[in-house]
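Numbering (this note's numbering), first residue to last: 11 to 506.
Single-structure report; data block below.
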Amino acid sequence: MTTSDDLTGLGIAAIRDGVRSGAFSGREVADAFVAAVEKGRPLNAFLVETPDHAIAAGEEADRARTQGELRPLSGVPLGIKDLFCTRGVETTAASGILKGFVPPYESHITGRLFGAGAGMLGKLNMDQFAMGSSNETSAFGNVLSPWRRNDGGNAPLAPGGSSGGSSAAVAARMAPGATGTDTGGSIRQPAAFTGITGIKPTYGRCSRWGVIAFASSLDQAGPMARDVTDCAILLEQMAGFDPRDATSLDLPVPAWEMGLSGDLTGKRIGIPDEYRMDGMPAEIEALWQRGIGWARDAGAEIVEVSLPHTRYALPTYYIIAPAEASSNLARYDGVRYGLRDLAEGANLQQMYAATRADGFGAEVRRRIMIGTYVLSAGYYDAYFTKAQKVRALIVRDFEEAWARCDLLLTPTAPSAAFALGEKSADPLAMYLNDVFTVPSSLAGLPAMSVPGGLDAQGLPLGLQIIGRALDEQGVLNAGLAIEQRAGFVARPEAWW
Ligand code: GLN
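Structure representation (structure tokens):
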């Protein structure tokens with residue numbers, strides 16, 4: 011008999027295999043994580059807890075085992091980012107404007123995960139409409155990172171964003187895995203900040219149907235978990251063609267878990283010079299060098315490459331993403347979903363204005379204003395068309411790099427987790443966090459963050475691997491090679 015504390019120490023592969031072998035029951039696993047979610051409430055990672063869902067899935071796994079009907083994720087409880095619509099469970103994207111919205115439908119991805127036997131522990135807090143890098147834009151209070159600096163100061167740290175509820179829940183052992191979404195880095199940066207692993211697959215791998223839209227040409231869902239194998243297991247269940255998403259790729263889903271290998275013999279790994287930023291902490295550069303050494307040790311050949319338009323990626327992203335967001339968010343009109351501010355005697359225009367001013371947070375309003383401006387008749391060519399042209403150049407940079415290498419290795423973020431409040435007054439400082447993650451988002455490429463080590467303050471740092479379109483296997487394998495050599499076992503000491 012395993013104690014519940016041991017069970018929350020297990021990852022997805024170990025839970026799946028243990029339920030299958032009968033080492034413990036699905037019900038015991040669900041109970042252990044439900045208790046961990048309750049205990050973890052001070053972190054504010056969950057907006058809604060759904061213990062009944064997780065427990066029912068655990069019991070169903072136990073029934074399925076006796077009948078020989080186990081499915082790929084039987085007995086695995088997960089946290090679900092609140093950007094995924096879940097039938098019958100309030101879904102707000104952490105925004106006041108969606109307060110009280112209970113979707114009558116299930117997102118494609120959560121439907122697939124539950125169909126594969128997974129249970130849901132609850133809906134995870136996030137930056138409002140996935141706009142942010144620290145979780146501070148949530149209308150329901152920020153998530154606290156389970157990590158603290160080793161200086162004894164106990165400054166509350168950002169868990170990263172926008173998938174900060176997901177990263178905190180996995181890092182704090184409240185869930186063995188979670189869904190995330192990544193528009194410009196929202197899976198990879200929070201994974202790096204909390205010492206976990208996350209992969210954004212190729213654009214089109216995971217259906218966006220039922221995922222609340224931020225910037226449709228960039229949004230991609232992906233898994234966040236404790237290690238590369240667990241990410242491969244989850245991604246296999248999340249990916250796949252969905253005719254309801256016009257950008258969904260009609261391609262078979264490879265057996266990524268089976269294909270895992272940390273042997274990089276014959277692979278060329280590119281090191282892009284332009285990712286060496288002025289003012290980047292020496293510890294990030296040192297981590298990058300260690301990563302290069304690990305890749306070489308795994309058999310890869312290291313080559314220097316150039317991605318000359320990298321410096322334009324951030325401004326390009328912060329035109330295209332707000333432009334698409336301003337259009338996507340036009341639907342929140344006080345009529346169709348959630349909040350409605352209707353003052354006595356107000357007309358329709360006044361109702362729209364009051365609802366949107368009240369329901370959207372400051373960062374969301376900022377993005378809508380920027381997006382509306384860059385799409386306006388007088389400025390469309392100067393900003394939006396120009397940004398689309400630069401996006402094409404960024405795509406071309408990667409294509410040219412693939413002539414010289416198979417994968418790219420970079421740091422995930424230019425710093426370790428920062429303190430809450432440290433950057434929230436300066437949007438440009440906040441946007442700088444995405445400098446290494448945004449280019450591959452603009453190009454729609456698969457990219458992953460794996461923990462590489464701790465900085466001098468005892469905080470996790472991540473390494474990013476970027477691959478060719480559809481080469482999730484190559485990305486996962488390089489991630490595994492690094493994971494095997496980094497030996498990252500640190501975890502936050504529970505203070506909650
Ligand atoms: N931090 C970036 C932003 O604020 C990325 C967010 C995301 O990937 N959803 O837009």
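Glycine included, C-beta positions come from ideal geometry on N, C-alpha and C.
As the structure is a prediction and not an experimental result, all values here were calculated from the model.
Counting C-beta neighbours from all protein chains within 10 Å, is the total for residue i 16 or more, i.e. buried, or is it exposed?
{"i": "D260", "result": "exposed"}
{"i": "R51", "result": "exposed"}
{"i": "R478", "result": "buried"}
{"i": "V485", "result": "buried"}
{"i": "S31", "result": "exposed"}
{"i": "L438", "result": "exposed"}
{"i": "R73", "result": "exposed"}
{"i": "M11", "result": "Unreliable placement is indicated for M11, whose pLDDT of 44 sits below 50; the coordinate value is still reported in the next sentence. Answer is exposed; the Cβ neighbour count stays below 16."}
{"i": "M184", "result": "buried"}
{"i": "S117", "result": "buried"}
{"i": "Q199", "result": "buried"}
{"i": "T275", "result": "exposed"}
{"i": "Q359", "result": "exposed"}
{"i": "M248", "result": "buried"}
{"i": "M130", "result": "buried"}
{"i": "A352", "result": "One point to set straight first is that residue 352 is Leu, not Ala, in the sequence displayed. Under this definition L352 is an exposed residue."}
{"i": "N443", "result": "buried"}
{"i": "P114", "result": "exposed"}
Suppose contacts are defined by Cβ-Cβ distances below 7 Å. Is residue i in contact with residue j by that definition?
{"i": "L108", "j": "Y347", "result": "yes"}
{"i": "F203", "j": "G170", "result": "yes"}
{"i": "L167", "j": "A427", "result": "yes"}
{"i": "E482", "j": "V238", "result": "no"}
{"i": "G89", "j": "L57", "result": "no"}
{"i": "L452", "j": "A333", "result": "no"}
{"i": "G462", "j": "G301", "result": "yes"}
{"i": "I476", "j": "S459", "result": "no"}
{"i": "R37", "j": "E69", "result": "yes"}
{"i": "W304", "j": "R495", "result": "yes"}
{"i": "G280", "j": "A411", "result": "yes"}
{"i": "R414", "j": "V315", "result": "yes"}
{"i": "M440", "j": "S148", "result": "no"}
{"i": "S176", "j": "K91", "result": "yes"}
{"i": "A40", "j": "T18", "result": "no"}
{"i": "T193", "j": "F224", "result": "yes"}
{"i": "R75", "j": "G127", "result": "no"}
{"i": "G369", "j": "L349", "result": "yes"}
Report the rounded CA-to-CA distance for residue i versus residue j, giving the unit in angstroms.
{"i": "F111", "j": "A182", "result": "28 Å"}
{"i": "R501", "j": "S434", "result": "26 Å"}
{"i": "A265", "j": "F408", "result": "26 Å"}
{"i": "P282", "j": "T320", "result": "9 Å"}
{"i": "A364", "j": "G309", "result": "60 Å"}
{"i": "D255", "j": "A292", "result": "43 Å"}
{"i": "P421", "j": "L473", "result": "4 Å"}
{"i": "A367", "j": "Y389", "result": "24 Å"}
{"i": "V400", "j": "K49", "result": "47 Å"}
{"i": "N357", "j": "L385", "result": "27 Å"}
{"i": "S217", "j": "D161", "result": "43 Å"}
{"i": "G214", "j": "I222", "result": "16 Å"}
{"i": "T257", "j": "L480", "result": "14 Å"}
{"i": "A45", "j": "D16", "result": "13 Å"}
{"i": "A331", "j": "T395", "result": "13 Å"}
{"i": "E146", "j": "A140", "result": "11 Å"}
{"i": "L430", "j": "S196", "result": "17 Å"}
{"i": "R158", "j": "L419", "result": "27 Å"}
{"i": "D343", "j": "A242", "result": "39 Å"}
{"i": "T120", "j": "T189", "result": "9 Å"}
Which one or two residues does DSSP pair with residue i in a beta bridge?
{"i": "G205", "result": "According to DSSP, G205 bridges with nothing at all."}
{"i": "S459", "result": "G208 and Q474"}
{"i": "E233", "result": "Sequence inspection shows Pro at residue 233; the Glu mentioned does not correspond to that position. P233 is bridged to T189."}
{"i": "R321", "result": "Answer by DSSP bridge pairing: none, since R321 is not bridged."}
{"i": "A429", "result": "L167"}
{"i": "L464", "result": "P470"}
{"i": "V99", "result": "T96"}
Which whole-angstrom value describes the C-beta separation of residue i and residue j, a residue pair presumed to lie in contact below a C-beta threshold of 8 Å?
{"i": "L138", "j": "G371", "result": "According to the sequence provided, residue 138 is Gln. The question's Leu does not apply to it. Indeed, because the Cβ distance is near 5 Å, the residues count as touching under 8 Å."}
{"i": "L490", "j": "G232", "result": "About 16 Å separates the two Cβ atoms, so there is no contact after all."}
{"i": "T326", "j": "A397", "result": "5 Å"}
{"i": "V345", "j": "S105", "result": "No, V345 and S105 are not in contact; Cβ-Cβ is about 16 Å, not under 8 Å."}
{"i": "V445", "j": "M287", "result": "7 Å"}
{"i": "G28", "j": "P186", "result": "Contact doesn't hold; Cβ gap of about 11 Å is too wide."}
{"i": "P211", "j": "L244", "result": "The pair is not a contact, with the Cβ atoms about 11 Å apart (cut-off 8 Å)."}
{"i": "V153", "j": "A55", "result": "5 Å"}
{"i": "W219", "j": "D252", "result": "6 Å"}
{"i": "T207", "j": "L93", "result": "Not quite, the Cβ-Cβ distance comes to about 20 Å (not below 8 Å), so this is no contact."}
{"i": "S336", "j": "G269", "result": "Actually they are not in contact, since the Cβ atoms of S336 and G269 sit about 40 Å apart, beyond 8 Å."}
Would residue i count as contacting chain C if we go by Cβ distances under 7 Å?
{"i": "R321", "result": "The structure shown contains no chain C, having only a single protein chain."}
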